[in-house]
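A.B. asks:
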Amino acid sequence: MKEYYKIGEISKLYDIGTDSLRYYEELGLLNPKRDSNGYRLYSLRDISRLNVIRELRTLGFSMERIKSYLDHRTLHSTLELLDDELGMIERKIAGLRRQQRDIQGRIKNLSPRGGVRFEEIREEQFPERPVLMLAGEITRDEEFDFLIKRLSRRTENTLYILGNTYIGATLPLEYLQNDIYNQFNSAFFILNDRHIKPDFILPGGTYLTLTYRGPYTQSKRLYGSLKEYAREHGWVFSHDPIELYRVDINETADPQEFVTEIQASVKEK
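Residue numbers (the UniProt record's numbering): 1 to 269.
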């Protein structure tokens, strides 16, 4: 076995960029010697340290913590580090389990909705619902997607979009009253994660709900049905209606497969 390896050999062996190797040297994590031409030569000791660096970086340890460990390595510090490593792995496992549950839920959400009676108007009770909301004029899918992406960034991109059935938009109440059904004024996420602070609360109470399948061009007819139902049953609309996009352009390119739920808050006349 050779005693020294050039930077290109180490880069290829570890699939790591030469810039990263130079950075590790700047931090004092590696200490290659130089040959007569000034080229870096990495010793077996450097390789041993690089093995540790790679493992700990994969687990998310900071460079400062790694350097401290490498510079003051003892049996006690190694046991301490392994305990920390175990804790980090357990947290990663817990995170993966949450992701697994999320994906299972998304699969369920996107599966054929056999229990849904499309275009049936229902009176439903909802509690107050915390949301992240962002105001903005929406007349096209692209404008809605742009606002949703901005909302996601506010949670460090922890909110998923694909298969998320808690994403929606608000229709101004005045637009509903004036038969304008294709211009929205905000996008939102309904929050299930208590660790994320909401910035708006959807009011609780009675809602008229209707779920339909197919393109959004049906909305004029269906909102008309909601308004007629409200008149016949003694309800008046009390807040901006919302639309929840159960299946939309993020899941299918075929508008015939879209599934949209309208929820309109009402009160007695």
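Each residue gets a CB set at the ideal place from its N, CA and C atoms; glycine is no exception. Just so you know, these numbers come straight off a predicted model, no measurement behind them.
1) To the nearest angstrom, how far is the alpha carbon of residue 61 from that of residue 147?
2) For residue 8, which of 41, 27, 59, 29 has the nearest alpha-carbon?
3) Would you say residue 203 faces chain D, with C-beta separation under 8 Å as the test?
4) My guess is that residue 144 and residue 187 are in contact by the Cβ rule of under 8 Å, so how many angstroms apart are they, rounded?
5) For residue 89, does the count of other Cβ atoms within 10 angstroms reach 16, so buried, or fall short, so exposed?
6) Spell out the partners DSSP gives residue 200 in its beta bridges.
7) Can you look up residue 100 in the DSSP assignment and give me helix, strand or coil?
8) Which term fits residue 251, buried or exposed, when burial requires 16 or more other beta carbons within 10 angstroms of its beta carbon?
9) Just list the beta strand (DSSP E) runs in the stretch 179-224, keeping only unbroken ones of 3 residues or longer that don't cross its boundaries, in chain order.
10) Classify residue 179 as buried or exposed, calling it buried when 16 or more other Cβ atoms lie within 10 Å of its own Cβ.
11) Whole angstroms are fine: how far does the CA of residue 95 sit from the CA of residue 329?
12) In or out: residue 164 buried (at least 16 other Cβ within 10 Å) or exposed?
13) Over the uninterrupted alpha helix (DSSP H) stretch that includes residue 11, give me the two end residues.
14) What are the start and end residues of the beta strand (DSSP E) that includes residue 43?
15) Under three-state DSSP, which class holds residue 169?
16) Using 8 Å as the cut-off, can you tell me whether the stretch 120-137 makes contact with the stretch 64-75, which would need three or more C-beta pairs spanning the two stretches below that distance?
17) Taking the Cβ atom as the reference point for each residue, do residue 182 and residue 209 lie within a distance shorter than 8 Å?
18) Can you give me the C-alpha to C-alpha distance between residue 47 and residue 58, rounded to a whole angstrom?
19) Measuring CA to CA, which of 240, 149, 258 is closest to residue 217?
20) Between residue 30 and residue 67, is the Cβ-Cβ spacing less than 8 Å?
C.D. replies: Well, looking at it:
1) 34 Å
2) When the alpha-carbon of residue 8 is set against those of 41, 27, 59, 29, the nearest one is in 41.
3) Checking the listed chains, one finds no chain D in this structure; it contains a single protein chain.
4) 6 Å
5) Exposed.
6) 131
7) helix
8) buried
9) 184-190, 200-202, 205-213
10) exposed
11) Any question about residue 329 goes unanswered here, given that the chain covers just 1 to 269.
12) buried
13) 7-14
14) 40-43
15) Correct three-state label for residue 169: strand.
16) no
17) no
18) 17 Å
19) 258
20) no
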